[in-house]
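Structure record follows, encoded as structure tokens.
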Amino acid sequence: MAQPHIDVRYVANLARLELSDEEITTFQVQLDAILGYVETLSRLDVSGIEAAAHAVPVFGRMRTDEPQPSLLPQAVLQNAPDQAQGQIRVPKVVADA
Amino acid sequence: MTLTTLRQQLLAGETTAAAILTRLAGEIAARDGHTGAYLSQDLEAAMAEAATADLALPLGGIPIAIKDNINVLGQPCTCGSKFLAENYRSPYDATVIRKLRAAGAIPFGRMNLDEFAMGSSTENSALQTTRNPRDHERIPGGSSGGSAAAVADCTAIAALGSDTGGSIRQPASHCGVVGLKPSYGRVSRYGLVAFASSLDQIGPLTHSVEDAARILQVIAGPDPLDSTCLDAPVPDYLSGLQAGVQGLKLGLPTEYFGEGIDPGVRRHVEAAVNGLAAQGAEIVEISLPHTAYAVATYYVIAPAEASSNLSRFDGIRYGHRAGNPADILDLYKRSREEGFGPEVKRRIILGTYVLSSGYYDAYYGRAQKVRTLIRRDFEHAFSRVDAILAPVAPTPARKFGGAAVDPLHEYLSDIFTLAPNLAGICAISVPCGRTDFDGGRGLPVGLQILGPHLGEAMLLRVARAAELPR
Chain Y
1 MAQPHIDVRY VANLARLELS DEEITTFQVQ LDAILGYVET LSRLDVSGIE AAAHAVPVFG
61 RMRTDEPQPS LLPQAVLQNA PDQAQGQIRV PKVVADA
Chain C
1 MTLTTLRQQL LAGETTAAAI LTRLAGEIAA RDGHTGAYLS QDLEAAMAEA ATADLALPLG
61 GIPIAIKDNI NVLGQPCTCG SKFLAENYRS PYDATVIRKL RAAGAIPFGR MNLDEFAMGS
121 STENSALQTT RNPRDHERIP GGSSGGSAAA VADCTAIAAL GSDTGGSIRQ PASHCGVVGL
181 KPSYGRVSRY GLVAFASSLD QIGPLTHSVE DAARILQVIA GPDPLDSTCL DAPVPDYLSG
241 LQAGVQGLKL GLPTEYFGEG IDPGVRRHVE AAVNGLAAQG AEIVEISLPH TAYAVATYYV
301 IAPAEASSNL SRFDGIRYGH RAGNPADILD LYKRSREEGF GPEVKRRIIL GTYVLSSGYY
361 DAYYGRAQKV RTLIRRDFEH AFSRVDAILA PVAPTPARKF GGAAVDPLHE YLSDIFTLAP
421 NLAGICAISV PCGRTDFDGG RGLPVGLQIL GPHLGEAMLL RVARAAELPR
């Protein structure tokens, strides 16, 4: 087999995904096949071709800077997995001093 | 029954909005247990709206089924994912829902889909199997499989779906209904859960081309809440619908009629082309030379955008949160591991990889350049022809169980629907016949019609002419 394109375990960590060993084995084969197919793009000469980030380039559109109604705190908090005192509660992020 | 016919009955006083809902609820109870198009429906909320529906409005009193990735105030929005299935309720209406309501329509029903709209069979839904109403052993297509199946099963009058690489047109083709993907920027995506933001569009799945035109008329137009939604004026999509194709030039791209197309699909698409020629259209052979690169381009760009968009599902603000996290990183990683299904994980990893340092230029940067070439193909073609005719999918609906084993093979079946999204143009699937395939009998085949950017009026006109008599 050719050199694998992708280190699935490494990239999954970048993507904040905790994968099982079984998933890593399965995805490794499947993603290598997909990336192998994507190599067909290297057959094309794209020098001097502009990159298209959007189907229809429309840039820098701004709405007028006026206050608009927005979601009420209760509407935002209703879907939070954990909340207290009108805020979303999360595990401690900063370690004890 | 079509939306258009139902509207006439409502205006003539022959039925009521409440009676329509009651009948639909009966049809759902009778058949949807087997078809599985609906994830949920809130009859009580819809009935409350029916009581005050203004029938004089363009869609007054008409229930519209909604793909379960479009937010409707107070309703679930699972995206076919365990991540959002537990407790999410939409805190607001998507712009398309606000516009439907303003036109008198009643959002009714949450339709199954491939998880986060990633797939072509609805088999990637983590919540439910949806069967093709024409043959219950087969997929309905996807990702808007629930929307297409419900319209085909007559458990919905019409539905909204979303189309990132064929997710409206392909299930419409497989189920034998009409499916319209508007041009990029024609319809606001505010409130559509984002998959690939440079490709996603919302559009209707309906019984007829006229029904699709009526819904597009209502949902199209600018929205200050979506900066990609264009300010372009919305033309009258109904007035020119019956104008016919006499004198129009319609292009046949040689690349879309090569090997690998099922003979039954080819026969019916060619018959539809001949039908349009018989009505006075001039059929012109054209070339879209970069067609062969569409799948590779799409499966770099779409996962790249998905990996970024789906980073918001981190277990903090909404959706699934893993229990007893050791620290914040553990919370992120296990919430996502537990909440996402395999296809979503595959695409997040693929997208993260092609955007990562050292690989960005080779994959994402190159794909964006090829996207320019694909768009130029269409610009060149539309300088010669008014619309383009093609198949929607290489085969009719397959049996269950194909996608999980070999995702690349599944991706390759999207070959005819991806390029319009990459180019931002509009496209529609119209039923053009039934064929036998792989042991199945009388499976629907769709004709795909492609129009220039913001060319929906022309697209719908050609589609109306191509429509089989009902």
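Sequence lines, in order, name chains Y and C.
Each residue of the first sequence is one higher than the one before, counting from 1 in my numbering.
Each residue of the second sequence is one higher than the one before, counting from 1 in my numbering.
Ideal Cβ positions, reconstructed from N, Cα and C, are used throughout, including at glycine.
Treat the numbers as computed from the prediction; the structure is a model and nothing was measured.
Pick from the options that is closest to residue i, judged by C-alpha positions
i: C:K333; options: C:Y318, C:I215, C:S311; result: C:S311
i: Y:H5; options: Y:Q87, Y:D65, Y:L31; result: Y:L31
i: C:A152; options: C:M47, C:P325, C:G36, C:L192; result: C:G36
i: C:I66; options: C:A156, C:S307, C:V218, C:G455; result: C:A156
i: C:D377; options: C:P342, C:L113, C:A292; result: C:A292
i: C:L241; options: C:A94, C:Q217, C:D231, C:D361; result: C:Q217
i: C:L408; options: Y:A12, Y:N13, Y:Y37, Y:S70; result: Y:Y37
i: C:A271; options: C:G319, C:L252, C:H380, C:L205; result: C:L252
i: C:K369; options: Y:A55, Y:N13, Y:L35; result: Y:A55
i: C:F83; options: Y:Q83, Y:N79, Y:G86; result: Y:N79
i: Y:A33; options: C:P469, C:E410, C:F437, C:V430; result: C:E410
i: C:A281; options: C:A18, C:A427, C:A465; result: C:A465
i: C:Y318; options: C:S40, C:P91, C:D330; result: C:P91
i: C:I415; options: C:P224, C:Q170, C:G80, C:L113; result: C:Q170
i: C:I64; options: C:E27, C:L3, C:R346, C:S167; result: C:L3
i: Y:F27; options: Y:V11, Y:L41, Y:Q85; result: Y:V11
i: C:G401; options: C:A94, C:P140, C:A172; result: C:P140
i: C:R321; options: Y:I88, Y:A95, Y:D96, Y:R61; result: Y:I88
i: C:S197; options: C:V187, C:T122, C:L205, C:T395; result: C:V187
i: C:G185; options: C:L43, C:T206, C:A213, C:P222; result: C:P222
i: C:C154; options: C:R267, C:C175, C:G451; result: C:C175
Residue i, enclosing beta strand (DSSP E) - first and last residue
i: C:C432; result: 426-437
i: C:F108; result: 106-111
i: C:P391; result: 387-391
i: C:G442; result: 440-451
i: C:D163; result: 159-163
i: C:I286; result: 282-286
i: C:L276; result: Per DSSP, C:L276 belongs to no beta strand (DSSP E); it is in the alpha helix (DSSP H), 263-278.
i: C:P63; result: 63-67
i: C:P253; result: 249-253
i: C:G26; result: Segment 17-27 is the alpha helix (DSSP H) holding C:G26; no beta strand (DSSP E) there.
i: C:L205; result: 201-206
i: C:L39; result: 38-40
Neighbour list for residue i in chain Y, Cβ cutoff strictly below 7 Å
i: C:H89; result: Reading the sequence as shown, one finds Arg at residue 89 of chain C and not His. What C:R89 touches in chain Y: Q78, N79.
i: C:T78; result: In chain order: nothing, as chain Y lies at least about 12 Å away.
i: C:V300; result: V38
i: C:S227; result: R61
i: C:I478; result: The structure shown has nothing for residue 478 of chain C, since chain C only spans 1 to 470.
i: C:I316; result: I88, V90
i: C:N423; result: It should be noted that the sequence gives Ala, not Asn, for residue 423 of chain C. In chain order: A55.
i: C:A296; result: Y37, V38, T40, L41
i: C:S198; result: A53, H54, A55
Residue span of the alpha helix (DSSP H) that contains residue i, given as start and end
i: C:T5; result: 3-11
i: C:Y298; result: 294-309
i: C:S473; result: Because residue 473 of chain C is not part of the residues shown, which for chain C are 1 to 470, the question remains open.
i: Y:K92; result: Neither: Y:K92 is in no alpha helix (DSSP H) and is coded neither H nor E.
i: Y:T26; result: 21-38
i: C:S374; result: Strictly speaking, residue 374 of chain C in this sequence is Ile, with Ser absent from that position. Where C:I374 is concerned, the enclosing alpha helix (DSSP H) stretches over 366-382.
i: C:V178; result: From DSSP, C:V178 is part of no alpha helix (DSSP H) but of the beta strand (DSSP E) over 178-181.
i: C:G351; result: 342-355
i: C:G401; result: Per DSSP, C:G401 belongs to no alpha helix (DSSP H) and is neither H nor E.
i: C:P420; result: 418-423
Integer-rounded CB distance, given that residue j should sit under 8 Å from residue i
i: C:E467; j: C:V72; result: Not really, about 30 Å apart at Cβ, beyond 8 Å.
i: C:D68; j: C:T78; result: 5 Å
i: C:G179; j: C:G161; result: 7 Å
i: C:G109; j: C:Y38; result: 5 Å
i: C:G351; j: C:A390; result: About 28 Å; that fails the 8 Å criterion.
i: C:G424; j: C:S147; result: Actually they do not touch by this definition, with Cβ atoms about 22 Å apart.
i: C:I106; j: C:E49; result: 5 Å
i: C:F195; j: C:M118; result: 7 Å
Beta-carbon neighbours of residue i, restricted to chain Y and to distances below 9 Å
i: C:K345; result: A12, A15, L17, L19, E23, F27
i: C:H34; result: None at all; the shortest Cβ gap to chain Y is about 31 Å.
is_contact[residue i, chain A] using C-beta, thresh 7 Å
i: Y:V94; result: The structure shown contains no chain A; the protein chains it does contain are Y and C.
Contacts that residue i makes with chain C (C-beta to C-beta distance below 7 Å)
i: Y:P91; result: P325, D327, I328, L331
Contact set between residue i and chain C, taken where Cβ atoms lie within less than 8 Å
i: Y:E50; result: K369, T372
i: Y:D82; result: R321
Interface partners of residue i on chain Y, CB under 8 Å
i: C:L408; result: Q30, A33, I34, Y37
i: C:G358; result: Simply none; closest approach about 12 Å.
Contact under 7 Å by Cβ, residue i with residue j
i: C:N132; j: C:A393; result: no
i: C:V344; j: C:E86; result: no
i: C:D236; j: C:Q201; result: no
i: C:Y256; j: C:L418; result: no
i: C:V385; j: C:K249; result: yes
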